[in-house]
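J.:
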DNA sequence: TTGACAGGCAAGCGAAGACTTGCCTTCACT
DNA sequence: AGTGAAGGCAAGTCTTCGCTTGCCTGTCAA
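Protein chains in written order, with this note's numbering: chain R, 1 to 97; chain G, 101 to 197.
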């Protein structure tokens, strides 16, 4: 699947967008921290594995980078693909005069 | 479904994004014109009904507006939702100092 | 008025996706 | 060593999605 498609697909799920928002709020969280936030702040009831799979999709799309440290794995938000996307997406631009 | 979700879902499909690109190239096309362009310029083999359903999704998301005129229905691109999206989407912004 | 053209509606199918369940690995701490 | 915590893997379920098929509606032109 091409990179654009992976990006759009990753953004297509509301739970995944919520994860991004939470990582933007506090960068470098572990899986369990993220799960806790989704439950507390957003009332989501997804299981740990479900969130883990969502994180895998986000990682595949380049939106999240992971850093292992001991038995923890910290997830970091990467806004690069999003910035690149809004720069490159040709629809949202004026037509040449 | 909330508006953001409809937008992201609409953008999630590559065929739908191609339709948007074609409408950006030439605004106000009919269903058959769009079908022709998808076949000619992009090698897509989707049926008329498939494209019609894609257009319905795009319309639902507010990305396409339709104007009936006799037996023709002209589709117009609306870049408003896209512009609003990149303005509002909180990830792609610097944190306040 | 009748045929052809532009488009719509709805049921059904197959594939992809979100989620669960169960078990396994790895690391830290005592 | 051994126990508990963080995370991973894989198979199975169930829903959603994209698309097809078939038929129907409305409009223009001969």
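Where a beta carbon is used, it is the ideal one built from N, C-alpha and C, also for glycine.
Keep in mind the model is a prediction, meaning the values are calculated, not measured.
State yes or no: is the beta carbon of residue 199(G) nearer than 7 Å to at least one beta carbon in chain R?
T.: Only positions 101 to 197 of chain G appear in this structure, which leaves residue 199(G) out of reach.
J.: Taking DSSP as the reference, what is the three-state secondary structure of residue 177(G)?
T.: Residue 177(G): strand per DSSP, three-state reduction.
J.: Check whether the stretch 49-57 of chain R touches the stretch 105-118 of chain G, taking contact to mean three or more Cβ pairs, one atom from each stretch, closer than 8 Å.
T.: The stretch 49-57 of chain R vs the stretch 105-118 of chain G: no contact.
J.: Would you mind working out which of 183(G), 177(G) and 104(G) sits nearest residue 134(G), comparing C-alpha positions?
T.: Checked all of 183(G), 177(G) and 104(G); the closest Cα to residue 134(G) is 177(G).
J.: Evaluate contact between the stretch 137-152 of chain G and the stretch 101-109 of chain G, counting only Cβ atoms and requiring at least three cross-stretch pairs below 8 Å.
T.: As far as the Cβ criterion goes, the stretch 137-152 of chain G does not touch the stretch 101-109 of chain G, which means the pair count is below three.
J.: So, are the CB atoms of residue 108(G) and residue 12(R) less than 7 Å apart?
T.: Yes.
J.: When you compare only the Cα positions, how much space is there between residue 140(G) and residue 64(R)?
T.: Taking the straight line joining both Cα atoms gives about 37 Å.
J.: At a CB-CB cut-off below 9 Å, which residues of chain R make contact with residue 160(G)?
T.: The premise fails here: residue 160(G) is roughly 14 Å from chain R at the closest Cβ pair, so nothing lies under 9 Å.
J.: Answer yes or no: do residue 157(G) and residue 110(G) have a C-beta to C-beta separation smaller than 7 Å?
T.: Taking 7 Å as the Cβ cut-off, residue 157(G) and residue 110(G) qualify as a contacting pair.
J.: Would you kindly work out how many angstroms separate the C-alpha atoms of residue 124(G) and residue 175(G), rounded to a whole number?
T.: Straight-line Cα distance between these residues: approximately 11 Å.
J.: From the beta carbon of residue 186(G), is the nearest beta carbon of chain R less than 7 Å away?
T.: By this cut-off, residue 186(G) is an interface position.
J.: Quick one: Cα of residue 127(G) to Cα of residue 80(R), how far?
T.: Going from the Cα of residue 127(G) to the Cα of residue 80(R) covers about 31 Å.
J.: So is residue 175(G) in contact with chain R if we call contact Cβ pairs under 7 Å?
T.: Judged by the 7 Å Cβ criterion, residue 175(G) is not in contact with chain R.
J.: Name, in chain order, the residues that DSSP records as bridge partners for residue 64(R).
T.: Residue 64(R) is bridged to 77(R).
J.: Suppose the cutoff is 8 Å on Cβ atoms and the five residues either side in sequence are ignored; what does the same chain contact list for residue 130(G) look like?
T.: Counting only Cβ-Cβ distances below 8 Å, and skipping sequence neighbours, we find 172, 173, 174 and 175.
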